[in-house]
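Novice: Residue numbers (our numbering), protein chains in the order written: chain U, 21 to 335; chain H, 40 to 486.
Positions of the beta carbon are idealized from the N, C-alpha and C atoms, including for glycine.
Please read these numbers as outputs of a predicted model, since none were measured by experiment.
1) So residue 396 of chain H packs on residue 120 of chain H, CB below 8 Å; how close in whole Å?
2) Looking only at its chain, what residues have a beta carbon closer than 8 Å to the beta carbon of residue 140 of chain U, apart from the 5 residues adjacent to it on each side?
3) What is the rounded straight-line gap between the Cα of residue 245 of chain H and the Cα of residue 459 of chain H?
4) In its own chain, which residues sit with a C-beta less than 7 Å from the C-beta of residue 336 of chain U, not counting the 5 before and 5 after it?
5) Compare the C-beta of residue 67 of chain H with all C-beta atoms of chain U and state if any pair is closer than 9 Å.
6) Are the beta-carbon atoms belonging to residue 125 of chain H and residue 89 of chain H less than 9 Å from one another?
7) What residue from H:298, H:83, H:342 and H:286 has the CA that sits closest to residue 320 of chain H's CA?
8) Which residue or residues does DSSP assign as beta-bridge partners of residue 247 of chain H?
9) At a cut-off of 8 Å, is residue 425 of chain H close to the ligand NAD when judged by its beta-carbon and the heavy atoms of the ligand?
10) Look up residue 219 of chain H in the DSSP assignment and say whether it is helix, strand or coil.
11) Chain U partners of residue 396 of chain H, CB-CB under 9 Å?
12) Alpha carbon to alpha carbon, what distance is there between residue 342 of chain H and residue 479 of chain H?
13) I'd like to know if residue 426 of chain H contacts chain U, where contact means its C-beta is closer than 9 Å to some C-beta of that chain.
14) Between which two residues does the beta strand (DSSP E) holding residue 203 of chain H run?
15) What residue range is occupied by the uninterrupted beta strand (DSSP E) comprising residue 248 of chain U?
16) Taking Cβ-Cβ distances below 8 Å as the criterion, which residues of the stretch 360 to 393 of chain H are in contact with chain U?
17) Kindly list the residues whose CB is nearer than 6 Å to the CB of residue 326 of chain H, restricted to its own chain and excluding five residues on each side of it in sequence; keep chain order.
18) Taking just the CA atoms, how far does residue 304 of chain H sit from residue 311 of chain H?
19) For residue 394 of chain H, which option in H:384, H:405 and H:175 has the closest C-alpha, if you only look at C-alpha atoms?
20) Using a Cβ cut-off of 7 Å, which residues of the stretch 93 to 124 of chain U contact any Cβ in chain H, in chain order?
21) Using a 10 Å radius around the Cβ and a threshold of 16 neighbouring Cβ atoms, would you call residue 231 of chain H buried or exposed?
22) Is residue 149 of chain H closer than 9 Å to residue 247 of chain H when the C-beta atoms are compared?
23) Taking the alpha-carbon positions, what's the residue 187 of chain U to residue 162 of chain H distance?
24) Can you find the residues in the same chain that come closer than 6 Å, C-beta to C-beta, to residue 102 of chain U, ignoring five residues on each side of it along the sequence?
25) Taking the alpha-carbon positions, what's the residue 291 of chain U to residue 107 of chain U distance?
26) Answer with yes or no whether the minimum CB distance from residue 154 of chain U to chain H is below 9 Å.
27) So, is the C-beta of residue 74 of chain U closer than 9 Å to a C-beta in chain H?
28) Leaving out five residues on either side along the sequence, give the residues of the same chain with a beta carbon under 6 Å from the beta carbon of residue 471 of chain H.
29) Examine the Cβ distances between the stretch 330 to 346 of chain H and the stretch 251 to 259 of chain H and report whether three or more of them are shorter than 8 Å.
30) According to DSSP, residue 304 of chain U sits in a beta bridge with which residue or residues?
31) Going straight from the alpha carbon of residue 39 of chain U to that of residue 46 of chain U, what length do you get?
32) Please state whether the Cβ-Cβ distance between residue 256 of chain U and residue 208 of chain U is less than 9 Å.
33) Of all Cβ atoms in chain U, is any one closer than 9 Å to the Cβ of residue 237 of chain H?
34) Would you list, in chain order, the members of the stretch 194 to 218 of chain H that have their beta-carbon closer than 7 Å to a beta-carbon of chain U?
35) Between residue 314 of chain H and chain U, is any beta-carbon pair separated by less than 9 Å?
36) Return the Cβ separation of residue 274 of chain H and residue 130 of chain H in integer angstroms, given the expectation that the two are a contact with Cβ distance under 8 Å.
Next up, the structure:
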């Protein structure tokens, strides 16, 4: 099996694996951030350019470095490849640039945005962004659009990752989602609201890395960090029924898919589970969902009992 | 007087028709190929000729053809990129308008060499009248048996179609062209896979410029080695240059690669000097995407050598003191033109034409345009210049397709060579609205 070295960590992976997926197999700090790549989608990636990495050695056969930074989500590894991510100054500089580009037209309305606290762009900006802006002009704005009864599109916040477009392409036969216009005037086309009647259309909310697509049944109900995410399941004839119920006391505020540490859902869930089943009696609660330690949701940490915390401290 | 291989017959009145073209020795190349040559031999001739892509990048055509994958049972496609929309470039339009059969013959020969049985000319939507010219010419070629099944009894089949785009610059990028031809939104694809492996309808595909494919005809007629004798070094053959701007005789000229820039700019055979006897301020030698050269670097390289119209000489000195031959859009500025305004205008074009797929290009081009617009209108700050430099640097090389680079290079070059003019705009916000800065000074050579 071909061997690849990322930031000094070596791993053997299957032929055709991308650099990003090889890095995810290693885990830790050498994983590049990804705003548009989504492993559960057949087509995605290559667009946001946050996952750019430097290939310092092409392969064992052809050790020349690649002339430009490459998108790690769409570049397959070669045997003997050496990649710089966090250790490459060029990569960090370019990534800082990309974050700045993503933010110049972003409204930064985090205080009123439902995604705040579980937003990929927030995390990315926290890690790679600058503290101030150099952009003096007006930011682009759009009107909010309701896509059906349950989803709202707030195009102003969109970073055009195309994940929702690819999701819609994958889930439905008829194309109900696409991109209109060009350049920085591009917008996610919703076509006709009523045509999004697919039973899995709600997943575009889960795949959205920012707050551009939000759940209308849960909008403005609560900040995510005040809610307790619980693994829950029910018998569903459409999907696996395995979800996360975001609860406040005995009340379910919101249902989402189960996301891993890269913000990707394990499985797509159906609209019935997501929007229409908010009654606690219909769910079997399995227990608290593991939340990454650095997540803002983990601030009101309920998972550790006091004795657990002392154990953590002693380590 | 340099020899002409592509434009030698355009002055003949009925050259657009089959009869006119055939009378001037047309369709001899394909007749020769079908009679006595194998596809490998055609490829070998093209390799020997040293022909390089005429669309801008200058990649050797023979090498590009040899990269095409040849899996069993999968069709291959040849696409002609006639989506010429770069500001300053209008050579393909002239060639197709005046001599459509030359392109068609070139495509038949090239398709034969590549083993394609279906080929397409992807033409820019605004060139609708040229589409009609080409379709008429193709119909004539079908009628005379040069296209269709079993061409002239050789057993080789070829169908040729013309397909118009909707008028987007980005569709001149080869993978965006393929997407557009497939009927999708013209977004460039993420590479790899490259079109030579998976292109149109996931089949191996070669995309060539109009002029490149037309040049195949004289290569076959004369032989590759004979063709390679024209030109200088690795820049062989002739090249169409579309001269525009402040010159006495703007237009499309066919030059032998290797004539001096000075001759091209000032001789009566070509541009005929700067209009109104004014002084040269700057020149963009290869279409809007390539770096702009200040007056002291146009006819001479930084090393003091004469600059020639060739791929190597124009890029001598890299981007620090050189430029590129590009697609041959030769734009000349006299002393009364404003480089800041021109840079803003180019950037406005790239902002408008960015497809919006990848973030650096989508956001960066718009940002640069806004900053340049501010400077041009007397609202700039000194820190804007550093900002512009930083933004272009972060776009370049970080995008999916070369449009990002094409947007960044003109800004970088203008800042590099014309910084004092930019600073003047910021320091003199009233004057810059009324007048122009004039020539920039040649920097003193570093000792």
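Specialist: Taking the structure as given:
1) No, residue 396 of chain H and residue 120 of chain H are not in contact; Cβ-Cβ is about 19 Å, not under 8 Å.
2) 53, 55, 229, 230 and 283
3) 45 Å
4) Because chain U here runs from 21 to 335, residue 336 of chain U falls outside it and cannot be looked at.
5) Closer than 9 Å: no.
6) no
7) H:286
8) H:119
9) As presented, the structure is devoid of all ligands, the ligand NAD included, so that no description of it is given.
10) helix
11) 66, 67, 180, 182, 199 and 206
12) 19 Å
13) yes
14) 198 to 203
15) 248 to 253
16) Taking 8 Å as the Cβ-Cβ cut-off against chain U, the residues of the stretch 360 to 393 of chain H that qualify are 390, 391, 392 and 393.
17) Excluding sequence neighbours, residue 326 of chain H sits near 125, 127, 128, 365, 366 and 368.
18) Between residue 311 of chain H and residue 304 of chain H, the C-alpha separation is close to 6 Å.
19) From the listed residues H:384, H:405 and H:175, the smallest Cα separation to residue 394 of chain H is found for H:405.
20) 94, 114, 117, 118, 121, 122 and 124
21) If you draw a 10 Å sphere on the C-beta of residue 231 of chain H, you find fewer than 16 other C-beta atoms in it, and that means exposed.
22) yes
23) Looking at the two C-alpha atoms, the distance is approximately 32 Å.
24) Setting aside the 5 residues that flank it on each side, residue 102 of chain U is surrounded in the same chain by 25, 76 and 77, each with a C-beta closer than 6 Å to its C-beta; the list follows chain order.
25) Taking the straight line from one Cα to the other gives about 43 Å.
26) yes
27) no
28) Around residue 471 of chain H: 417 and 464.
29) no
30) DSSP, once it has assigned bridges, lists U:253 as partnering residue 304 of chain U.
31) Approximately 11 Å between the Cα atoms of the pair.
32) no
33) no
34) None of the residues of the stretch 194 to 218 of chain H has a beta carbon lying less than 7 Å from any beta carbon of chain U.
35) no
36) About 16 Å; that fails the 8 Å criterion.
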